[in-house]
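Asker: Chains as they are written, first to last, in this note's numbering: chain A, 1215 to 1584; chain B, 1215 to 1584; chain C, 1215 to 1584; chain D, 1215 to 1584.
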């Protein structure tokens, strides 16, 4: 039996405790170190999960010889330097989404990880959920036929992140689901529109449109100012359609047989009948497992490191994501005009790839790098 | 006691029977004539509601001396000539949405009706529903504070209209709700993106974005290819937020006290608490009446004709609507770039205001004008 | 082509207009007469549907030679005398539920109708709904396996009927669904418990338990004092289970594959897994038609009269219903002790079969019989 | 600062880990010992939460001098001997529901705990949930007016407990909610009906009726064979009504203004209006906190032990519960006839208070007492 993988987690704020819990409770790994600029947060976690090493400086955690996998759970703008440092120290890395705040940095991390032969993974948690995996399998098996569109809504009353806007914060959930369902296909066009309200300088309501070639349309609505909590992705296909409603306690996936018929206006009986009875097929809600996505992710990463595979959400998925987010940002900064992409890259050289609202943020104290 | 208003309905297809029923059963009006190119359709309605005069030619109905109000319930491209003929004959007119297929015709109808002193109304049915009226009242009373955004979704599996795309068909419902809630304010920018699937030449999935000045964002998702039936409008304000869910049998309106707080990243306890408990205020579902909107509309129109008032959805509301639809169409035809509007009109003279997919449609046989 | 069946409707109150509309609009029948002690109510209906003959005395309608089918839509205690008179005049009869207020009268009507060779039908509307018919077919085809239980809930804030309690008013809906699903099987035991609140003398909250042999348990919750509107019947079987949720706009039927496993307490892993993931099979929502049940019923009755068949809800179904209601009433009047039935009849001779709260009611003025 | 309270947990099966986690993470307590006849289960928990002492024999845990509070999380039939032993050793005790399997044992435990001056608490978890507490406060403050009825449904596909039937297993949740809402009032009558299906010897579908005086009716539906998961309690009052829907992710409590009016049958307009618009007041969904009920419970128990208070769910609440369960069992065993209670006790001396289906169960190996 192999020794458990040594995991070090940088950042003990909102999401950090969930990461610690899952790596602590996954067979095959144990959390050997935590780091946070705010010592009490790190200490509380260490006590609860019996973690031996506690740091206030992320560099010390990265240098800890017991740490084989560094988990970077700090604010977005620190992802690049911390991940880079960990890679250069020969550590495997799991970095929170978004992987970086610009595409250049993301591409650099992918190259460096390849060069050093370490695993680079990004925490696109939803691709590890059972419902999303089932959707991916249905699409891959051709059950849905041609994909017509993907519509994804993730809205609720949320706390405003001072670090990023709602596209960079919530968008990765929906976009990673779309990316995974479509097998990593790159969009050909990205547009976004948003508004910043309630005294925030960053957009808290936004819509992102993705085109994949002339036909396939994907659309994301992310919103921190919505009173109702909705988390729903619809995948419309020529043969079947799927609704993934994450707020449903049990029937999270609903698969509809397609029932569309083109009725000419001059056959009013048929028109009437179909408008009233808007669905002509059955609906099926397949059983969906309920293992915590983060637990599945932790297990996959440990297995990849031990056995050499590539995780679903690897650095390349992280790079694709950042390119899309950066293009959406650019569109939103420039009158919401669509941005064309070729092989995932913007055609016209972007004057500034780094979103100004992130780059210009004054350095805060609330990171492990201090 | 006055003699009931004489109503003539042109077009006995899908929506016509509902119009006939409501004008037949409204006190103060009676249906004296119906017209349809397909005689049996007109006859069936006439038998059911005891309507004396039946025509196959719309012109004959318009000329019928018993007809005081002409209801135009034919395909969109026939709205302009039929409405024009009725106005010129000195009839009051209720025309289905969209009022016309281009803004020029819409403006012309408004002018002509004014000149002839007849009432011109457009069937924006939803502004007569109790839920929408209550929302309008809440907004007008300032209950919601500053309006941040309006998000409206109207999707289901529908029959494809061969006459118009989904924006021209379903869009007027949402846009008329937005227009009414905002008190007839004109948008400053319109953009749209869509896709035509399942063998249709017209878009059956589309997103329309409306900007009202720098801050207020409105967004509409209309879709004939969605497996789930969703009809929901969210109005987000600085003080309260309202969800109007038309699929709910009873609690159609849900009013949320606002509970947004800007939490800095470095106060993780607050971040965590708020993300988990995403709402910090109460929700209230006020009682909503359930009188059929069309019945309220019929009563208002009869009262306006008798007493000289202006209906909520008058010709000017119809014109604003057509301008928005035409701008959305133009955006969708030109790479989904946003179209700027000043006083409701596009800044750059539009080469073609008439949407090609409507204007170029070969003349069908299925209209009363035959 | 045959002459349309002449229908006469007695009682133009709450439900009468729906009956008139459906018989007026059904091919094969026309409404030739209406009767109501309150003349304006009858006149209003007659005007709307073009009905030639109007009566204030039910006896005159029954005697009208154009009337072939008498529809009795008056308060419960008048059902027996009016139905009897119609049968004796050789008319076919459709009587509202409950058919009578005691089992003796119900049995008498069945006998008399047989003797006179006329059709006796009772308005158990729900057995004509598409959802209930599909459930019946599933059960008859053995799809559900052995039926374990039926649980039916019909609650909302309702107006209190001064004529009958909630069991006699709402109960027939659920009990007729149960009766139909079970193919007319007679219960072996009936018990009921209830409470009268809000100043009413009649129970407005009640629970009825039906046993069909030692194994099959059926339970009905009817309630006029519930804030939420629930109309749901669950049929649990050994192979599949069905939920019929009448408040759902589209997925009214949900069919679940069974997934029950008996896990011993000493296998905690399995216990935990199953408690968390409480369903181990798929759910399927078959397409359900949406024709109005009353329209289907009207068509069936016309066809039965013309062609000689027996309607689903015939006098015998009405008799079974009244026996169950009377037994429930008896149980509720006597400490809620269960009442045993043999062949649908109470074992011990009931001192009073007629519920006192109905029999003792002073005669009101609000019936067509005046 | 005081030393944390030493907690020992007997039984590491399904619910045990949740108890351990909450006492481990509550400030003021720490878990010093766990016991389970199956050593690996105890060891796994001990490792995860850093618990120093592990036992296979419950007696050793009770004797452990570090243990001040014994938590009994074993099958129902072992509750009495283990709790008794703990009390006699001067330990405070939290025992899972049902406290015992008969009322005699329950009364004995209450007496003994009083005599020894230790705290006896029973895990009626739901009375510690925020939603139930808010309902209790509303009732106590008179917001609901007179309580008319309480209707509680708790159904889903569950694993069958081999130890107890569904009334003893799920019933305590609903009955403890009812007991708490009514301020510990004793029922005057209890009846139950049930059925055992799917090869089980114990009832897995059951209905329990409780009467509190002549007016107030409470009813519980518990079911392990239901395909849909429903957890809903309705409290109907003369002024307001509350729906507590535990499956709702956010609006768990819905408070309805009452809108019942007694309409005479002879005012059909009013009848019709009210039947269609079944609710005449507003609904309000107050904000409900989402702290885990078990965490609140753990904190309260620690505080009671430290400061000398009485927990909400004390031994007397446990005794009231067992009396109700035993009466329900007796009713179910004797033809479902209602059992009268005076001061919570059955009037006629019960031949057997101990339910046979529990008492006769062969001794299993799966307890810590081995």
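All C-beta atoms, glycine included, are put in the ideal place defined by N, C-alpha and C.
(1) If you draw a straight line from the alpha carbon of residue 1553/C to that of residue 1406/D, how long is it in whole angstroms?
(2) If contact is defined by three or more beta carbon pairs under 8 Å, each pair taking one atom from either stretch, is the stretch 1511 to 1521 of chain A in contact with the stretch 1225 to 1240 of chain A?
(3) Strictly below 8 Å CB to CB, what residues from chain B border residue 1343/C?
(4) Let's see if you can read the secondary structure: which residues bound the beta strand (DSSP E) around residue 1243/A?
(5) Can the beta-carbon of residue 1452/B be found closer than 8 Å to that of residue 1356/B?
(6) Is the CB of residue 1278/A under 8 Å away from at least one CB in chain C?
(7) For the stretch 1540 to 1556 of chain D, which residues have a CB atom closer than 8 Å to at least one CB atom of chain C, in sequence order?
(8) Mind checking whether residue 1417/C and residue 1379/C have CB atoms under 8 Å apart?
(9) Count the other CB atoms, across all protein chains shown, that sit within 10 Å of the CB of residue 1348/A; report buried if there are 16 or more and exposed otherwise.
(10) Contact defined as beta carbons within less than 8 Å: I believe residue 1175/D pairs with residue 1248/D. What is the distance between those atoms, to the nearest angstrom?
(11) How would you write the range of the alpha helix (DSSP H) that residue 1521/B sits in, first residue to last?
(12) Would residue 1222/A be called buried (16 or more neighbouring beta carbons within 10 Å of its own) or exposed?
(13) What's the C-alpha gap between residue 1180/A and residue 1292/B?
(14) Would residue 1452/B pass as an interface residue toward chain C - the criterion being a Cβ-Cβ separation below 8 Å?
(15) Taking the beta carbon of residue 1216/B as the centre, do at least 16 other beta carbons fall within 10 Å, making it buried, or is it exposed?
(16) Could you give the C-beta distance for residue 1419/C and residue 1426/D, rounded to a whole number, given that I count them as a contact under 8 Å?
(17) With 16 as the cutoff for other CB atoms within 10 Å, does residue 1261/A come out buried or exposed?
(18) Can you tell me the Cβ-Cβ gap for residue 1409/C and residue 1431/D, rounded? I've got them flagged as a contact below 8 Å.
(19) Would you kindly work out how many angstroms separate the C-alpha atoms of residue 1389/D and residue 1437/D, rounded to a whole number?
(20) Would residue 1490/B be called buried (16 or more neighbouring beta carbons within 10 Å of its own) or exposed?
(21) Report the CB separation of residue 1440/A from residue 1468/A in whole angstroms; it is logged as a contact under 8 Å.
(22) Compare the C-beta of residue 1389/B with all C-beta atoms of chain A and state if any pair is closer than 8 Å.
(23) Under the DSSP definition of a beta bridge, which residues are partnered with residue 1468/A?
(24) Give the range of the alpha helix (DSSP H) segment to which residue 1261/C is assigned.
(25) Among 1273/B, 1279/B, 1277/B, 1319/B, which residue has its Cα nearest to the Cα of residue 1294/B?
(26) Cβ atoms of residue 1315/B and residue 1354/B: under 8 Å apart, would you say?
(27) Tell me whether the beta-carbon of residue 1296/C lies closer than 8 Å to the beta-carbon of residue 1272/C.
(28) Determine the burial state of residue 1460/C: buried for a count of at least 16 other Cβ atoms within 10 Å of its Cβ, exposed for fewer.
(29) Using the rule of at least 16 other Cβ atoms within 10 Å of the residue's Cβ for burial, across every protein chain shown, is residue 1415/B buried or exposed?
(30) Which residues in chain A have a C-beta closer than 8 Å to the C-beta of residue 1465/C? List them in chain order.
(31) Leaving out the 5 sequence neighbours to the left and right, which residues in its chain are closer than 8 Å to residue 1321/B when beta-carbon positions are compared?
(32) Report the rounded CA-to-CA distance for residue 1527/A versus residue 1308/B, giving the unit in angstroms.
(33) Compute the Euclidean distance between the alpha carbons of residue 1543/D and residue 1325/D, then round it to the nearest angstrom.
(34) Can you tell me whether residue 1298/C is helix, strand or coil according to DSSP?
(35) Can you tell me the Cβ-Cβ gap for residue 1555/D and residue 1312/D, rounded? I've got them flagged as a contact below 8 Å.
(36) Hey, how far is the Cα of residue 1242/B from the Cα of residue 1258/C?
Answerer: The short version:
(1) For the purposes of this step, residue 1553/C is taken as residue 339 along the third chain, with counting starting at 1. For the purposes of this step, residue 1406/D is taken as residue 192 along the fourth chain, with counting starting at 1. Cα to Cα, residue 1553/C sits roughly 15 Å from residue 1406/D.
(2) yes
(3) Locating residue 1343/C in the third chain gives position 129, where the first residue counts as 1. The contacting residues do not exist; residue 1343/C stays about 16 Å from chain B at best.
(4) As a first step, residue 1243/A must be located in the first chain, where it is residue number 29. Judged by DSSP secondary structure, residue 1243/A falls within the beta strand (DSSP E) whose first and last residues are 1243 to 1249.
(5) What you label residue 1452/B is simply residue 238 of the second chain in a count that begins at 1. What you label residue 1356/B is simply residue 142 of the second chain in a count that begins at 1. Against a cut-off of 8 Å, the Cβ pair of residue 1356/B and residue 1452/B comes out as no contact.
(6) By one-based count along the first chain, residue 1278/A stands at place 64. Answer no: the Cβ-Cβ gap between residue 1278/A and chain C never drops below 8 Å.
(7) 1549, 1550, 1551, 1552
(8) Locating residue 1417/C in the third chain gives position 203, where the first residue counts as 1. Locating residue 1379/C in the third chain gives position 165, where the first residue counts as 1. Contact flag set, yes.
(9) Taking the first chain and counting its residues from 1, one reaches residue 1348/A at position 134. When all chains shown are included, residue 1348/A counts as buried.
(10) Look at the range of chain D in this structure, 1215 to 1584, and you will see that residue 1175/D is not part of it.
(11) Here residue 1521/B corresponds to residue number 307 of the second chain, with the count starting at 1. For residue 1521/B, the uninterrupted alpha helix (DSSP H) run begins and ends at 1507 to 1521, by DSSP.
(12) Numbered from 1 along the first chain, position 8 holds the residue referred to as residue 1222/A. Its Cβ being crowded by 16 or more others within 10 Å, residue 1222/A is buried.
(13) This structure does not reach residue 1180/A, given that chain A is present from 1215 up to 1584, and the question cannot be answered.
(14) Within the second chain, residue 1452/B is the residue found at index 238, counting from 1. Answer no: the Cβ-Cβ gap between residue 1452/B and chain C never drops below 8 Å.
(15) Position 2 of the second chain, counted from the first residue, corresponds to residue 1216/B. Exposed.
(16) Locating residue 1419/C in the third chain gives position 205, counting from the first residue. Locating residue 1426/D in the fourth chain gives position 212, counting from the first residue. In fact, because the Cβ distance is near 14 Å, the residues do not count as touching under 8 Å.
(17) Taking the first residue of the first chain as position 1, residue 1261/A is located at position 47. That one is exposed.
(18) Looking up residue 1409/C in the third chain gives position 195. Looking up residue 1431/D in the fourth chain gives position 217. About 4 Å separates the two Cβ atoms, so the contact holds.
(19) Here the question's residue 1389/D lines up with position 175 in the fourth chain. Here the question's residue 1437/D lines up with position 223 in the fourth chain. Cα to Cα, residue 1389/D sits roughly 14 Å from residue 1437/D.
(20) Working through the second chain from its first residue, we reach residue 1490/B at position 276. Because the pLDDT of residue 1490/B is 30, which lies under 50, any placement of that residue in the model is unreliable, and the question is left without a value.
(21) Along the first chain, read from residue 1 onward, the residue named residue 1440/A stands at position 226. Along the first chain, read from residue 1 onward, the residue named residue 1468/A stands at position 254. About 22 Å separates the two Cβ atoms, so there is no contact after all.
(22) Locating residue 1389/B in the second chain gives position 175, counting from the first residue. No, its Cβ sits nowhere closer than 8 Å to a Cβ of chain A.
(23) Position 254 of the first chain, counted from the start, is the residue given in the question as residue 1468/A. DSSP, once it has assigned bridges, lists 1457/A as partnering residue 1468/A.
(24) For the purposes of this step, residue 1261/C is taken as residue 47 along the third chain, with counting starting at 1. Residues 1253 to 1263.
(25) Sequence index remark: in the second chain, residue 1294/B carries index 80 (1-based). Checked all of 1273/B, 1279/B, 1277/B, 1319/B; the closest Cα to residue 1294/B is 1319/B.
(26) For the purposes of this step, residue 1354/B is taken as residue 140 along the second chain, with counting starting at 1. For the purposes of this step, residue 1315/B is taken as residue 101 along the second chain, with counting starting at 1. Result no, Cβ atoms of residue 1354/B and residue 1315/B do not sit closer than 8 Å.
(27) If you number the third chain from 1, residue 1296/C lands on position 82. If you number the third chain from 1, residue 1272/C lands on position 58. Result yes, Cβ atoms of residue 1296/C and residue 1272/C sit closer than 8 Å.
(28) If you number the third chain from 1, residue 1460/C lands on position 246. It counts as buried.
(29) Counted from its first residue, the second chain places residue 1415/B at position 201. Its Cβ having fewer than 16 others within 10 Å, residue 1415/B is exposed.
(30) Against the third chain, residue 1465/C aligns to sequence position 251. By Cβ distance, chain A contributes 1497.
(31) As a working mapping, residue 1321/B is identified with position 107 in the second chain. Only 1533 meet the Cβ criterion.
(32) Residue mapping note: residue 1527/A aligns to position 313 of the first chain, counting from 1. Residue mapping note: residue 1308/B aligns to position 94 of the second chain, counting from 1. The straight-line gap from Cα to Cα measures roughly 57 Å.
(33) Walking along the fourth chain from the start, residue 1543/D turns up at place 329. Walking along the fourth chain from the start, residue 1325/D turns up at place 111. Cα-Cα distance, rounded: 24 Å.
(34) Position 84 of the third chain holds residue 1298/C. If DSSP states are grouped into helix, strand and coil, residue 1298/C belongs with the helices.
(35) Counting from one through the fourth chain, the residue named residue 1555/D turns up at place 341. Counting from one through the fourth chain, the residue named residue 1312/D turns up at place 98. With 8 Å as the limit, residue 1555/D and residue 1312/D do not qualify as a contact, their Cβ atoms being about 17 Å apart.
(36) The sequence position of residue 1242/B within the second chain is 28, counting from 1. The sequence position of residue 1258/C within the third chain is 44, counting from 1. One C-alpha to the other measures close to 15 Å.
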